[in-house]
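Peer 1:
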Amino acid sequence: MPIPDRVRFINKRFTNHLTAGWAGKRFSPIALVLHIGRKSGCLYRTPVLTVERADRFVFALTYGDRVDWYQNVLAAGGCDLLWQGKKFHLQHPQQIPPQEGLREFPFPQRGVLKWLHIAVFLH
Numbered sequence: 035m036p037i038p039d040r041v042r043f044i045n046k047r048f049t050n051h052l053t054a055g056w057a058g059k060r061f062s063p064i065a066l067v068l069h070i071g072r073k074s075g076c077l078y079r080t081p082v083l084t085v086e087r088a089d090r091f092v093f094a095l096t097y098g099d100r101v102d103w104y105q106n107v108l109a110a111g112g113c114d115l116l117w118q119g120k121k122f123h124l125q126h127p128q129q130i131p132p133q134e135g136l137r138e139f140p141f142p143q144r145g146v147l148k149w150l151h152i153a154v155f156l157h
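Here the sequence shown stands for residues 35 to 157, numbered as in our numbering.
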């Protein structure tokens, strides 16, 4: 069960703008996805929860898979990611099973994701 739409609306309009100021920077637990709007063609910057693994990044889609940033990344076949002060180019996004996605996150985050019943993960 993703986070409710009313919370998503508030975060999209207000909280994300504040978070974007420190997301993606060194020591920040939040990454910043840089993606192009599939309809508008505009560049967007969206804060996301991710973990870096040896050969990939894993994302928790806390609002489900209908969110604009995810649909934009799918349509483009990839995106840029600002993580820990570095820029990465990611291609060929794929959903992964919930248990696999949960395993990738460290204990404190995994517990919160389980409690929220987050079931959509991406790598």
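Note that the Cβ used here is the ideal one computed from N, Cα and C, for glycine as well.
Keep in mind it's a predicted model, so treat the numbers as computed, not measured.
1. Could you check which residue in LEU83, ARG144, VAL146 has the C-alpha nearest to that of TYR104?
2. Could you say which of GLY145, HIS157, SER74 lies nearest to GLY111 if we only look at CA atoms?
3. Give me the residue from ASP99, LEU108, GLY98 with the minimum Cα distance to HIS69.
4. Pull the bridge partners of ALA113 from the DSSP assignment, please.
5. Using DSSP with H/G/I as helix, E/B as strand and the rest coil, what is ARG42?
6. Bridge partners for ARG87 per DSSP, in chain order?
7. Mind checking which residues open and close the beta strand (DSSP E) that includes LEU68?
8. For ARG42, which residues in the same chain have their Cβ closer than 6 Å to its Cβ, ignoring the five residues on either side in sequence?
Peer 2: Well, looking at it:
1. LEU83
2. HIS157
3. LEU108
4. Checking the sequence shown, residue 113 turns out to be Cys, not Ala. In DSSP, CYS113 forms a bridge with LEU124.
5. With a pLDDT of 48 at ARG42, under the threshold of 50, the modelled position of this residue cannot be trusted; read the value that follows with caution. Three-state result, ARG42: helix.
6. ARG90
7. 64 to 70
8. Since pLDDT at ARG42 reaches only 48, below the 50 mark, its modelled position is unreliable, and the value read off the structure follows with that caveat. Short of 6 Å from the beta carbon of ARG42, and not among the five residues preceding or following it, lie these beta carbons of its own chain, in chain order: TYR97.
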